[in-house]
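S.K.:
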Amino acid sequence: MMHIAKSIDYKLLGISSTSFIAGGEIPVKYTCDGANTSPSLDIKGIPEEAICLALIMDDPDGPIGTWVHWVVWNIPVTHHIKENEIHGVEGLNDFQQHHYGGPCPPSGTHHYYFKIYALDALLDLPGITKQFQLEKAMSEHIIAYGELMGLYTRNKQ
Numbered sequence: 021m022m023h024i025a026k027s028i029d030y031k032l033l034g035i036s037s038t039s040f041i042a043g044g045e046i047p048v049k050y051t052c053d054g055a056n057t058s059p060s061l062d063i064k065g066i067p068e069e070a071i072c073l074a075l076i077m078d079d080p081d082g083p084i085g086t087w088v089h090w091v092v093w094n095i096p097v098t099h100h101i102k103e104n105e106i107h108g109v110e111g112l113n114d115f116q117q118h119h120y121g122g123p124c125p126p127s128g129t130h131h132y133y134f135k136i137y138a139l140d141a142l143l144d145l146p147g148i149t150k151q152f153q154l155e156k157a158m159s160e161h162i163i164a165y166g167e168l169m170g171l172y173t174r175n176k177q
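Residue numbers are given in this note's numbering: position 69 of the sequence shown equals residue 89, and the series is strictly consecutive.
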């Protein structure tokens, strides 16, 4: 039996932040070297049929592979995620914590991706949910997607 892959056709979300510019340096305030607070995120182009949003922040430059910093789902539909506020159900990141873990690279400059998904359904997931479990649960419910990338280099003294 031949398997034919379904074409993925998401609408594109525009993601920006008043905390840092796309492709620019993430300020220390939002990292492990500062207050470790989550930055604000602005979202444009959310489809009317969206029921909620999900967010994954990760760093593909980790020494052992992609490191997950933040996992959130069932965020009420909004065009502005406020700085340092919880907006939904937070899952388990790779620090084994249920909240935002800011950039904290062991060496060099790392890329941090804030990925926003507009979903057509709420997700019933336990608080111990990790990135791959969230991705699997939302895979059939994604109607739009966007990402914002920022950089961070630790200034070790």
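From the three backbone atoms N, C-alpha and C, an ideal C-beta is built for every residue, glycine too. These figures come from a predicted structure and were not determined experimentally.
Touching or not, the stretch 156-166 and the stretch 108-121, by the rule of three or more beta carbon pairs under 8 Å?
M.R.: Output reads no: the stretch 108-121 does not touch the stretch 156-166.
S.K.: Assuming E155 is part of the beta strand (DSSP E), what are its boundary residues?
M.R.: For this step, residue 155 is matched to residue 135 along the sequence shown. Segment Q151 to M158 is the alpha helix (DSSP H) holding E155; no beta strand (DSSP E) there.
S.K.: Around the Cβ of F20, are there at least 16 other Cβ atoms within 10 angstroms (buried) or fewer (exposed)?
M.R.: Lying outside 21 to 177, the shown extent of the chain, residue 20 is not represented and no answer is given.
S.K.: Under the three-state reduction of DSSP, which class applies to Y50: helix, strand or coil?
M.R.: Translated into the one-based positions of the sequence shown, residue 50 becomes position 30. It is helical.
S.K.: Can you list, in chain order, the residues of its chain with a C-beta nearer than 6 Å to that of M77? Leave out the 5 residues immediately preceding and following it.
M.R.: Translated into the one-based positions of the sequence shown, residue 77 becomes position 57. These residues qualify, in order along the chain: H89, W90 and F134.
S.K.: Measuring CA to CA, which of H99, D144, L61 and G170 is closest to M158?
M.R.: As a first step, residue 158 is located in the sequence shown; it is residue number 138 there, counting from the start. It is D144.
S.K.: Can you tell which of Q153, K150, E69 and T57 has its C-alpha closest to the C-alpha of G122?
M.R.: Locating residue 122 in the sequence shown gives position 102, counting from the first residue. The residue with the shortest Cα to Cα distance from G122 is T57.
S.K.: Less than 8 Å between CB atoms is the rule here; does T149 satisfy it with respect to chain B?
M.R.: Here chain B cannot be found, since the structure has a single protein chain.
S.K.: Helix, strand or coil: which one does DSSP assign to T86?
M.R.: Here the question's residue 86 lines up with position 66 in the sequence shown. Three-state result, T86: coil.
S.K.: K31 to T173, Cα distance in whole Å?
M.R.: Within the sequence shown, residue 31 is the residue found at index 11, counting from 1. Within the sequence shown, residue 173 is the residue found at index 153, counting from 1. If you take the alpha carbons of K31 and T173, they lie about 32 Å apart.
S.K.: Return the chain-ordered ranges of every beta strand (DSSP E) run that is complete within the stretch 54-118 and spans a minimum of 3 residues.
M.R.: With a minimum length of 3 residues, the continuous beta strand (DSSP E) runs that stay inside the stretch 54-118 are 61-64, 72-79 and 87-96.
S.K.: On the three-state DSSP scale, how would you describe T38?
M.R.: Position 18 of the sequence shown, counted from the first residue, corresponds to residue 38. If DSSP states are grouped into helix, strand and coil, T38 belongs with coil.
S.K.: Give me the Cα-Cα distance between P146 and D79, rounded to the nearest whole angstrom.
M.R.: Along the sequence shown, read from residue 1 onward, the residue named residue 146 stands at position 126. Along the sequence shown, read from residue 1 onward, the residue named residue 79 stands at position 59. In a straight line, the C-alpha of P146 is about 23 Å away from that of D79.
S.K.: Can you tell me where the beta strand (DSSP E) holding E45 begins and where it ends?
M.R.: Along the sequence shown, one-based indexing puts residue 45 at 25. From DSSP, E45 is part of no beta strand (DSSP E); its letter is neither H nor E.
S.K.: Whose C-alpha, out of D140, G44 and I148, is nearest the C-alpha of E68?
M.R.: In the sequence shown, residue 68 corresponds to position 48, counting from 1. Answer by Cα proximity: D140.
S.K.: Pick helix, strand or coil for L33, following the three-state DSSP scheme.
M.R.: Numbered from 1 along the sequence shown, position 13 holds the residue referred to as residue 33. L33 falls in the coil class under three-state DSSP.
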